[in-house]
Amino acid sequence: MTALSLLKLRKLDDAIEDCTNAVKLDDTYIKAYLRRAQCYMDTEQYEEAVRDYEKVYQTEKTKEHKQLLKNAQLELKKSKRKDYYKILGVDKNASEDEIKKAYRKRALMHHPDRHSGASAEVQKEEEKKFKEVGEAFTILSDPKKKTRYDSGQDLDEEGMNMGDFDANNIFKAFFGGPGGFSFEASGPGNFFFQFG
1 MTALSLLKLR KLDDAIEDCT NAVKLDDTYI KAYLRRAQCY MDTEQYEEAV RDYEKVYQTE
61 KTKEHKQLLK NAQLELKKSK RKDYYKILGV DKNASEDEIK KAYRKRALMH HPDRHSGASA
121 EVQKEEEKKF KEVGEAFTIL SDPKKKTRYD SGQDLDEEGM NMGDFDANNI FKAFFGGPGG
181 FSFEASGPGN FFFQFG
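If you read the sequence shown in the UniProt record's numbering, its first letter stands for residue 1, the second for the next number, and so on.
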């Protein structure tokens, strides 16, 4: 974290504390709840934000308060699912090319063949990561699925069931058919790829 982002975080924490003290004195002080909820949103504490926006909406049922509550609920929902951008190590504004490059790099890094000499526990963890990378690529490389994912919609609706994809098939399509590559050891922990 940069010094500037630490300073901003400290200011948000101070603002949350000030708002908390204000609502202790007057639990009907809507502006304090709204300010604290916004600070919670900024610090990605979505459950707390939802709680504050619910309190505000129960007190003043306005369109604006309803929308703030819906936005907080959506962010909370999005925060509880897999972050495909984080899995691939790309920014939310990543181009199609950046997504492909990130997939290529992560898929090779976590491919099960690369970890065949590791402990069973490590193999299992790497296989899980390999599948997640394939899943992330499946979503982020498809404009329709990416739009649904970015907007917080469920991907299991409309036939986008994520249980139907196979990470190995994605890998083969990306790197060529069977026998398209192999991992070869060139000493302890060193691997190179041989494309056939």
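Cβ atoms here follow ideal geometry from the backbone N, Cα and C, with glycine treated the same way.
Practice prompt. Would you be able to state if there are at least three C-beta pairs under 8 angstroms between the stretch 130 to 144 and the stretch 51 to 68?
Written response: no
Worksheet entry | Pro58 (DSSP reduced to helix, strand or coil) | Reading off the sequence, residue 58 comes out as Gln, not Pro. DSSP places Gln58 in helix when its eight states are reduced to three.
Fill in: Ala49 in three-state terms, based on DSSP
helix
Worksheet item: What span of residues does the alpha helix (DSSP H) with Lys66 cover, start to end?
Response: Lys63 to Ser79
Worksheet item: Terminal residues of the continuous alpha helix (DSSP H) containing Ala15?
Response: That run of the alpha helix (DSSP H) goes Ala3 to Leu25.
Worksheet item: Taking all protein chains shown into account, do 16 or more other C-beta atoms lie within 10 angstroms of the C-beta of Asp113, making it buried, or fewer, making it exposed?
Response: With fewer than 16 neighbouring CB atoms inside 10 Å of its own CB, Asp113 falls in the exposed class.
Worksheet entry | CB contact below 8 angstroms: Asp13 versus chain C | No chain C appears in the structure shown, which is made up of a single protein chain.
Worksheet item: By how many angstroms is the C-alpha of Lys101 removed from the C-alpha of Ser5?
Response: Just so you know, the alpha carbons of Ser5 and Lys101 end up roughly 29 angstroms apart.
Worksheet entry | Limits of the alpha helix (DSSP H) - the one that Asp97 falls within | Glu96 to His110
Fill in: Beta-carbon separation (whole angstroms), Leu88 vs Ile99, contact threshold 8 angstroms
Indeed they touch by this definition, with Cβ atoms about 6 angstroms apart.
Worksheet item: Is it true that the CB of Tyr53 sits closer than 8 angstroms to the CB of Ala72?
Response: yes
Discussion item. Counting C-beta neighbours from all protein chains within 10 Å, is the total for Asp13 16 or more, i.e. buried, or is it exposed?
Written reply: exposed
Worksheet item: Within 10 angstroms of its Cβ, does Gln67 collect 16 or more other Cβ (buried), or is it exposed?
Response: Residue environment analysis places Gln67 among the exposed positions, since fewer than 16 neighbouring C-beta atoms fall within 10 angstroms of its C-beta.
Fill in: Per-residue DSSP class, three states only, for Gln153
coil
Item to complete: Closer than 7 angstroms by C-beta to Ser79: which residues in its own chain qualify, once you throw out the five before and the five after it? Chain order, please.
Response: These residues qualify, in order along the chain: Glu44 and Tyr46.
Discussion item. When you compare the CB positions of residue 198 and Ala49, do they come within less than 8 angstroms of one another, or not?
Written reply: This structure gives no information on residue 198, because the portion of the chain shown stretches from 1 to 196.
Worksheet item: For Asp91, does the three-state DSSP call read helix, strand or coil?
Response: DSSP places Asp91 in coil when its eight states are reduced to three.
Worksheet item: Which residue comes first and which comes last in the alpha helix (DSSP H) that contains Tyr33?
Response: Ile30 to Asp42
Worksheet item: Going by Cα to Cα distance, which pick from Leu76, Lys86, Ala22 and Cys19 is closest to Lys129?
Response: Lys86
Fill in: Given Ala94 as reference, the closest of Gln38, Glu17 and Ser141 once Cα atoms are compared
Ser141
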